[in-house]
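With the numbering used here applied, the sequence shown corresponds to residues 729 to 890, in that order.
Note that CB positions come from ideal geometry on N, CA and C, so glycine has one too.
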Amino acid sequence: MKTLFAAAAFSLAAAFAAPQASFAADKDIVDTAVGAGSFNTLVAAVQAAGLVDVLKGDGPFTVFAPTDEAFAALPAGTVENLLLPENKDQLIAILTYHVVPGVVMSPDIAGKTLDATTVQGGALAINATSGVMINDATVTTADVAASNGVIHVIDKVLLPAS
729 MKTLFAAAAF SLAAAFAAPQ ASFAADKDIV DTAVGAGSFN TLVAAVQAAG
779 LVDVLKGDGP FTVFAPTDEA FAALPAGTVE NLLLPENKDQ LIAILTYHVV
829 PGVVMSPDIA GKTLDATTVQ GGALAINATS GVMINDATVT TADVAASNGV
879 IHVIDKVLLP AS
């Protein structure tokens, strides 16, 4: 899995030609999410998927992080089903669909529409012409700096095409 992240990060570096931000944040993406208190479901899913070490790694990563409320809005039983060991591959696919290699800050995309390839391999439709939409999710808080990337808080769980 680390190889997948590294390969995806390398291949996408050219897609985001904006200079990499230098972060003063002392917590990585996982610790920042834990500290926020509103990503308990996301953190549990990252743990169940075995992605903690990857998201604590050097990165840099841009993570579109659904809140606990976003996960709660999924059909009843969805989260519990995804956390079962036999559904780990599906969980990994969903979680890595929320991650774009490199750092994408809101000023880099302001006023633009674009597609961004995720670590999972699918494309996210980003529309930053009036607020910021990622597919059908709204970015509610942008540019939460972490030592290894940035988190943008979203109000829905993004699901890759099957």
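| Which of the three DSSP states, helix, strand or coil, is assigned to Leu783? | Looking at Leu783 - three-state DSSP - the assignment turns out to be helix.
| field | Buried/exposed call for Gly830, threshold 16 Cβ in 10 Å | value | buried
| Taking the C-alpha atoms as reference points, what is the distance between Gly765 and Gly839? | 31 Å
| query | So who's on the other strand from Ile837, going by DSSP bridges? | reply | According to DSSP, Ile837 bridges with nothing at all.
| message | In whole angstroms, give me the CA-to-CA distance for Phe789 and Val828. | response | CA-CA distance, Phe789 to Val828, rounds to 6 Å.
| query | Closest to Val860 by CA distance: which of Thr845, Val832, Leu887, Ala776 is it? | reply | Val832
| For Ala761, which of Asp796, Pro813, Gly849 has the nearest alpha-carbon? | It is Asp796 whose Cα lies nearest to the Cα of Ala761.
| request: Decide yes or no for the touch test of the stretch 842-855 against the stretch 770-778: beta carbon pairs closer than 8 Å, at least 3 of them. | output: A contact between stretches requires three or more CB pairs, one per stretch, nearer than 8 Å, and the stretch 842-855 fails this requirement with the stretch 770-778.
| message | For Asp759 and Tyr825, I'd like the C-alpha separation in whole angstroms. | response | 20 Å
| query | Can you tell me where the alpha helix (DSSP H) with Gly763 in it begins and where it stops? | reply | 757-764
| request: Would you kindly work out how many angstroms separate the C-alpha atoms of Ala821 and Lys755, rounded to a whole number? | output: 25 Å
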